[in-house]
Structure formats: C-alpha cells, structure tokens
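**Q** Attaching a single structure in structure tokens format; questions to follow.
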DNA sequence: GAGTGGTCTAGACCACACA
DNA sequence: GTGTGGTCTAGACCACTCT
C-alpha cells in the first residue's frame, strides 16, 4: 500500500469529489458509511463527517440517518451570493461613491407593500427614495419603506446625510429577510433617475427584512442598465 | 445561577446571534475567546467553535487567528441561492413540463463566447437552442454552446429528445462554474420564443461550467417576463 | 514569542428512519 | 429493533498572525 492516509477533511473532500466526478460513485447510488470511509482513509469518523457535510452542503450528496449517504441525482446547485454593499462595491472598484436623497417623508404605502410587510392598522411608514452613484454617474435608484412602528428612532434620522441602508445596519437589527431578483422595464421615474431610456431592462432587487415577526424595511433597488450580479458555483 | 448550560451548537449559535442583535456585542468589537465562551456556556470548545463558524459563514462574524473574533462591521449578507432545475421547479408547482429543441448543430461561436470559454484554435462547438415550457406556455428560452473537444460524446446525443442540461448533468462532469444574473430587453428572437413584446424586460442567467481548466458549456437562459428568483437571508 | 482559531482523535451517546 | 448520520467531549497539536 503506497497509499498515504488522508489526514484532513479537505483531502477527504477532494477525494470524495473526485469519486463523484469520475463516476466511481454513480448518481443515485449509496456510498460507503462514514465508518467504512474513515477506516479506508485512515482517519477519524469525525473527519469524514466534516468532509461529507461540506459536500452535502454543496448539494452533491444527500444524507439521511439510517438510509445512508447517496450521490444526488439532481445536484441542485447552491450558489453563495454576496449581496452587494454598494459603497464597498463602488469604492472597491476605485470609483467615488455618492449618495443623494430624493425624498424622505412619512407616507402610507400602497396595499401591496402593506401586505408584504404584514402591516398592522396604525403602523406608520417612512418613505425614502435615493440614488447612489459611482463617479457621479447614477448606479442604483432605491425606493424604500421603513416601518416607524418597528423602528421609531428612524423618524429622527437625517437621511439626506446618511444612506438609509447604512443607518439601518447600524441602528436596526434584523433577524432574517427575504430577497428576490427580477427584471423590469424602466418607467418614467426610473429612467429619469438612472438616465436611461424608458423601457430599458433594469435588474431589480426586492428585499424585506424582519426583526422576529415585525417588518423593519422593504426596499426595491433598480440597478443601472447592464448591471450583472456574479458568483461562482 | 438558574442558568442552564448550552449543550448543543445550535443553542450556542442562538445565544451568539441574540448578543449580536441586541448589541451586547457591538459591531467591530472583539468577542470573548472560544475558551472563555466554552467555560461560560458550560460546553466543549469544539461546540463553541462549530457555532461561531456557522455565524461566521453567515457573514456576521469575522475570525482571525491570534486576532480573535469580532462582530462584522459591514455584515456582507450571504444568501444561498438554489439554482433552479427547471423541470423540478415546474413539476413541483403542479404544471406539465415541456421541452422543445429548436436547433442543434455544429457552429462557430462568436468571438465573445470563444473568449469567455477560453477556446483553443481547432475546438469545435455544438449550438443548441431550446424552449422549456409549463403547461404549454413558454417559460425559458435557452441558447447554449457545448465544447465538443471537451465533451466529444455530445456529438452523438439526440437533443431533440432530452434537454441539453439533463444530458450534461448525466454525461459531463464539471468541477466548477460561473454564473451571472442580469436583465435584458427581449430582441426579436427572444420575444418570438417567449411570446412577449419586443423590448420586454427579461431576467437572464449566464452560466459557464468547467471541468478543471476546460470549458464544458456556456449557456444563456431567458426567463419569461415577470419571473422572480427568490431566496432568504 | 505567544495567543488565537482550525483541526484531528477516540470514544460515546443520541435521534431518526427504516425494516 | 437496529444501523446510520448528527453531535458532544476532552485533550492535543498545528497554523497563522500579531506584537
């Protein structure tokens, strides 16, 4: 046996991936138990477990107690997306970041927004529209609702100076959120703010964040035409 | 001390998240060492480590050897995206899945595609255009290039019967990939295939997959107008 | 040099899902 | 019941990076 032991979980992971890619382990088939692999690889079962969990997280293995571990038939590819923090993204590219508030006023949201945010009767809302720019060119137009009943201190914030996003990150903790990506044609307002033609295809992010069961904020961001959001598989 | 010990890593994680959300631990500040927390929580250091790693993966903590663990100043939100497998997504919604190949022929890709795929001189390519539908209504129009030098067996595949994606999943392993999301206006061809007006905003996914350093396939998918891709934070 | 997180080990017990 | 993965423990050593 000239075979060297695999003494760390990355090595085990690499070997597991190799066996999947080269079809030594066929999709749908059971692979050996952790115990068997630990023996074969000459390491502890916990090390094998760590490696298999990582591969399972990536969507290539399906694990169930008692049933064992099998190679995924339909490897749902799970991509990890870093939601961009615009200031960082812009400054990281060597551009000058700019922020400009358009409006900031209490207002009653349309029914669709109220439903999404599961607003109670009597909740009041702050609407903030703003543009963020790179080297003076508009980059993102943002339309945001903040639930003042959840975050009362937002009423005193000066959103002409600080972006709502940065203020909220500092002052309004949230427990979870939902995010959706889509494409929309620029309407007159979006076209004007982003300086594109009406009807141009715009990449849109909708986000709602919650603190436990109370909606904190709902925001729709319109990205400059041509914007791409990238990641790796 | 009515305090009960935290005897599993999820409980530790919950307590850590609580301290971050309630600002007991302030962004930018160091938190206690794993050893100290293990003592406080009455569990093993490995358990604390597991919990802190999970929170760190979520982007809320930044950990460095020797420097310690601190609460992230700019919590880059990392979302886990499940790249949709269309057949599953459509059938999961209770619709009838359909696949229809439009063309499948060897062809020379435009320069941009060749560059993206880092094609060598002499590489030959198969182009496959297809439409996938839900209950007969077009859902996705797909334009794909397959590198026949990397995957020679694809030349014999019958893409009028099986979708290129499913064939590749079964027959062409890949090691990694890149994916990008954007918005485009429908051109004449896209509009015709998706039965939408020209210029309609279309959600687009571009994907390139690699087997080691050789490009396997490059695909652009145009989604029906109004499509949203959703996930949680 | 020294302190922190990263990982491995060996053993143990538990939870779950299958027969 | 029984076998599998999921997790915890206590201890140990290592790798990195800061001073």
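Residue numbers (the numbering used here), protein chains in the order written: chain A, 12 to 244; chain B, 12 to 244. Ideal placement from N, C-alpha and C gives every residue a C-beta, glycine not left out.
1) Looking at the unbroken beta strand (DSSP E) that takes in residue 73 of chain B, where does it start and where does it end?
2) Residue 45 of chain A touches chain B at which residues, Cβ-Cβ below 7 Å?
3) Straight-line CA distance for residue 68 of chain B to residue 126 of chain A?
4) Check residue 248 of chain B in the structure and name its three-state DSSP category.
5) Quick check on the DSSP output: the alpha helix (DSSP H) that includes residue 32 of chain A runs from which residue to which?
6) With distance defined between alpha-carbon atoms, name the residue in B/139, B/234, B/62 nearest to residue 9 of chain B.
7) Should the stretch 137-148 of chain B be called in touch with the stretch 181-194 of chain B, which here means at least 3 C-beta pairs below 8 Å?
8) Residue 191 of chain A touches chain B at which residues, Cβ-Cβ below 9 Å?
9) So which residues on chain B does residue 32 of chain A lean against when the C-beta distance must stay under 9 Å?
10) Does the beta-carbon of residue 58 of chain A have 16 or more other beta-carbons within 10 angstroms, so that it is buried, or is it exposed?
11) Using only the alpha-carbon positions, how far apart do residue 201 of chain A and residue 119 of chain A sit?
12) Straight-line CA distance for residue 173 of chain A to residue 142 of chain A?
13) Ignore the nearest five residues each way along the sequence and tell me which others in residue 212 of chain A's own chain have a CB closer than 6 Å to its CB.
14) Could one say the Cβ of residue 261 of chain B lies closer than 7 Å to chain A's Cβ atoms, at least one of them?
15) Are the CB atoms of residue 16 of chain A and residue 53 of chain A within a distance shorter than 7 Å?
16) What residue does the alpha helix (DSSP H) around residue 178 of chain A start on, and which one ends it?
17) Pop quiz: residue 159 of chain B and residue 168 of chain B are said to be a contact at Cβ under 8 Å. What is the actual Cβ separation, rounded to whole angstroms?
18) In the structure shown, what three-state DSSP assignment does residue 225 of chain A receive?
19) Judging by CA-CA distance, which residue of B/47, B/208, B/60 is the nearest neighbour of residue 19 of chain B?
20) Please list, in chain order, all residues of the same chain as residue 56 of chain B whose beta carbon is under 7 Å from its beta carbon, the five residues on each side excluded.
21) Quick check: the Cα distance between residue 214 of chain A and residue 92 of chain B, rounded to an integer number of angstroms?
22) Please report the Cβ distance between residue 244 of chain A and residue 189 of chain B, rounded to the nearest whole angstrom; I am assuming they are in contact, meaning their Cβ atoms lie under 8 Å.
23) Can you give the Cα-Cα distance for residue 171 of chain A and residue 196 of chain A, rounded to whole angstroms?
24) Name the chain A residues whose beta carbon is nearer than 7 Å to that of residue 213 of chain B?
25) Quick check on residue 88 of chain B - is its C-beta less than 7 Å from some C-beta in chain A?
26) Please tell me whether residue 96 of chain A has its Cβ less than 7 Å away from any Cβ of chain B.
27) Kindly indicate which three-state DSSP category residue 206 of chain A falls into: helix, strand or coil?
**A** Short version:
1) Counting along the chain, the beta strand (DSSP E) containing residue 73 of chain B begins and ends at 72-75.
2) Residues of chain B passing the Cβ test: none, with the nearest at roughly 17 Å.
3) 32 Å
4) There is simply no residue 248 of chain B to check, as chain B begins at 12 and stops at 244 in what is shown.
5) 20-32
6) This structure leaves residue 9 of chain B out entirely; chain B is present only between 12 and 244.
7) no
8) 239, 240, 241, 242
9) 184, 185, 186, 222
10) buried
11) C-alpha separation (whole angstroms): 21 Å.
12) 12 Å
13) 194
14) Nothing about residue 261 of chain B can be read from this structure; chain B reaches only from 12 to 244.
15) Cβ atoms of residue 53 of chain A and residue 16 of chain A: closer than 7 Å.
16) Counting along the chain, the alpha helix (DSSP H) containing residue 178 of chain A begins and ends at 175-182.
17) Not confirmed; about 11 Å, so no contact.
18) strand
19) B/60
20) 45, 46, 49
21) 17 Å
22) 7 Å
23) If you take the alpha carbons of residue 171 of chain A and residue 196 of chain A, they lie about 28 Å apart.
24) What residue 213 of chain B touches in chain A: 194, 212.
25) yes
26) yes
27) coil
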